[in-house]
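Everything below concerns the one structure shown next.
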Amino acid sequence: MPLQDFEPFVGRSSSPVRNEVERGAIRKFADAIGDPNPVYRDVEAAGGRLIAPPTFSRTFDYGRIPDLPLPSAGLIHGEQMFEYFRPIYSGDVLYCTSTLREVRERNGRLGTMIFLVFDNTAVDETGELVVRETLTVICREGGLSA
Amino acid sequence: MTRKRFAVGDKLGPLVKPPVTKTQLVKYSGASGDFNPIHTVDEFAREAGLGGVIAHGMLTMAFVGQLLTDTVGAMGALKTFGVRFREMVRPGDVLVCEGTVTEVEERDGLQYVTCEVTATVQQDGRLAVAGTAVFTV
Numbered sequence: 000m001p002l003q004d005f006e007p008f009v010g011r012s013s014s015p016v017r018n019e020v021e022r023g024a025i026r027k028f029a030d031a032i033g034d035p036n037p038v039y040r041d042v043e044a045a046g047g048r049l050i051a052p053p054t055f056s057r058t059f060d061y062g063r064i065p066d067l068p069l070p071s072a073g074l075i076h077g078e079q080m081f082e083y084f085r086p087i088y089s090g091d092v093l094y095c096t097s098t099l100r101e102v103r104e105r106n107g108r109l110g111t112m113i114f115l116v117f118d119n120t121a122v123d124e125t126g127e128l129v130v131r132e133t134l135t136v137i138c139r140e141g142g143l144s145a
Numbered sequence: 000m001t002r003k004r005f006a007v008g009d010k011l012g013p014l015v016k017p018p019v020t021k022t023q024l025v026k027y028s029g030a031s032g033d034f035n036p037i038h039t040v041d042e043f044a045r046e047a048g049l050g051g052v053i054a055h056g057m058l059t060m061a062f063v064g065q066l067l068t069d070t071v072g073a074m075g076a077l078k079t080f081g082v083r084f085r086e087m088v089r090p091g092d093v094l095v096c097e098g099t100v101t102e103v104e105e106r107d108g109l110q111y112v113t114c115e116v117t118a119t120v121q122q123d124g125r126l127a128v129a130g131t132a133v134f135t136v
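Heads up: the sequence lines are chains A and B, in that order.
Under numbering that gives the first Met the number 0, think of the first position of the first sequence as 0, with each following residue one higher.
Under numbering that gives the first Met the number 0, think of the first position of the second sequence as 0, with each following residue one higher.
Next comes the structure, spelled out in structure tokens:
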């Protein structure tokens, strides 16, 4: 898929998706990563509401940018960055949006690769930004087995 | 309680995680919603040229996240955390998470601490992720 196919989508966003942060989801996530921290499990230890681990926001649904031609397989997660404005708590209702910030092409030993940089944000019900993620997804022309 | 203070060169960790298992990859798929079969179905991963299932990059990043929250808590001290995914991680790999403080800035009575963080595979030293985090104390 050539770079020109992605360029018209730079600056476009998904419609915000409502995500409810459930206690059980935080506990299951903490179990899956093997982190015994009680603030992910025990409401009292956490001061009333459970706290989500630092990478938990990657599990939210950020919606899809309409018509963005993302291949269904062969994508590589190249980089991930989080910027935190406050902790995420159980009971939070967050509105999550994804924006394509940048696309670029690079020729490497594996052939031509296209880098897609997304800004994902989660905003709470008062409109305050809670977390911003920047993620880089790499598409290899010809797919993964090329 | 005396507040923890940091200086350039201070070490974080090491946090040595138990070996990654296929069961853990299934659990992480369920907990994260990332059901890409390259993480759970060996046949699929082999056909994709990976030689078998590989761990989610975000699982390894979560291990490094644990190193950070073990150091400064999970209550909002962490300000930024970013990594690049390098070598693939496979079931059986033991990940060692470590950090080094590279910069300390005193501002508004707080320390803003920047550190380089890595996760490496204990068995062969492969670098799985490398990145940077900033926290306040």
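By construction, the Cβ of each residue, glycine as well, lies at the ideal position given by its N, Cα and C atoms.
These numbers come from a predicted model, not from an experiment.
Listed from N- to C-terminal order along the chain, which residues in the segment 10–27 of chain A have their beta-carbon within a distance smaller than 7 angstroms of any beta-carbon of chain B?
-> Of all residues in the segment 10–27 of chain A, the ones placed with a Cβ closer than 7 angstroms to any Cβ belonging to chain B are Lys27, in chain order.
Just the C-alpha distance for isoleucine 32 (chain A) and alanine 61 (chain B), rounded to the nearest angstrom, thanks.
-> Taking the straight line from one Cα to the other gives about 7 angstroms.
Do glycine 8 (chain B) and valine 71 (chain B) have their CB atoms nearer than 8 angstroms?
-> No, the pair does not count as a contact, with Cβ atoms beyond the cut-off.
Counting only the same chain and skipping the five closest in sequence on each side, list residues whose C-beta sits under 7 angstroms from that of arginine 17 (chain A).
-> The residues are Val92 and Tyr94.
Should the segment 31–49 of chain B be called in touch with the segment 34–42 of chain A, which here means at least 3 C-beta pairs below 8 angstroms?
-> These segments do not touch.
Assigned secondary structure, methionine 112 (chain A) (DSSP; H/G/I helix, E/B strand, else coil) | In this structure, methionine 112 (chain A) counts as strand in the three-state DSSP scheme.
Expressed to the nearest angstrom, what Euclidean distance is found between the alpha-carbon atoms of lysine 78 (chain B) and proline 86 (chain A)?
-> A straight line joining the alpha-carbon of lysine 78 (chain B) with that of proline 86 (chain A) spans about 10 angstroms.
Identify each residue in the segment 0–32 of chain B for which the Cβ-Cβ distance to at least one residue of chain A is less than 8 angstroms, and report them in chain order.
-> Using a CB distance below 8 angstroms, the part of the segment 0–32 of chain B facing chain A consists of Lys16, Pro17, Gln23, Lys26, Tyr27, Gly29, Ala30, Ser31 and Gly32, ordered along the chain.
Where proline 13 (chain B) falls: helix, strand or coil (DSSP) | Proline 13 (chain B) falls in the strand class under three-state DSSP.
Taking Cβ to Cβ, would you say arginine 103 (chain A) is nearer than 8 angstroms to phenylalanine 114 (chain A)?
-> Contact flag set, yes.
Span of the alpha helix (DSSP H), counted from its first residue to its last, around glycine 64 (chain B) | Glycine 64 (chain B) -> alpha helix (DSSP H) spans 56–71.
Is aspartate 41 (chain B) helix, strand or coil when you go by DSSP?
-> DSSP places aspartate 41 (chain B) in helix when its eight states are reduced to three.
Alpha carbon to alpha carbon, what distance is there between cysteine 96 (chain B) and glycine 12 (chain B)?
-> Here the C-alpha atom of glycine 12 (chain B) lies approximately 7 angstroms from the C-alpha atom of cysteine 96 (chain B).
Rounded straight-line distance, which links the Cα of glycine 91 (chain B) to that of phenylalanine 134 (chain B) = The straight-line gap from Cα to Cα measures roughly 31 angstroms.
The beta strand (DSSP E) with serine 97 (chain A) in it runs from where to where?
-> In the DSSP annotation of this structure, the continuous segment of the beta strand (DSSP E) that includes serine 97 (chain A) starts and ends at 92–107.
Look at the Cβ atom of phenylalanine 28 (chain A), then the Cβ atom of threonine 58 (chain A), and state whether they are nearer than 8 angstroms.
-> In this structure, phenylalanine 28 (chain A) places its C-beta atom within 8 angstroms of the C-beta atom of threonine 58 (chain A).
Taking 8 angstroms as the cut-off, decide whether the C-beta atoms of proline 4 (chain A) and proline 68 (chain A) are in contact.
-> Position check: residue 4 (chain A) holds aspartate in this sequence, whereas proline was assumed. Yes, Cβ-Cβ distance for aspartate 4 (chain A) and proline 68 (chain A) is below 8 angstroms.
Does the Cβ-Cβ distance between serine 93 (chain B) and phenylalanine 5 (chain B) come in under 8 angstroms?
-> Sequence check: residue 93 (chain B) is valine here, not serine. A distance of 8 angstroms or more separates the beta carbons of valine 93 (chain B) and phenylalanine 5 (chain B).
Report yes if the C-beta distance between proline 15 (chain A) and threonine 96 (chain A) is below 8 angstroms; otherwise report no.
-> Yes.
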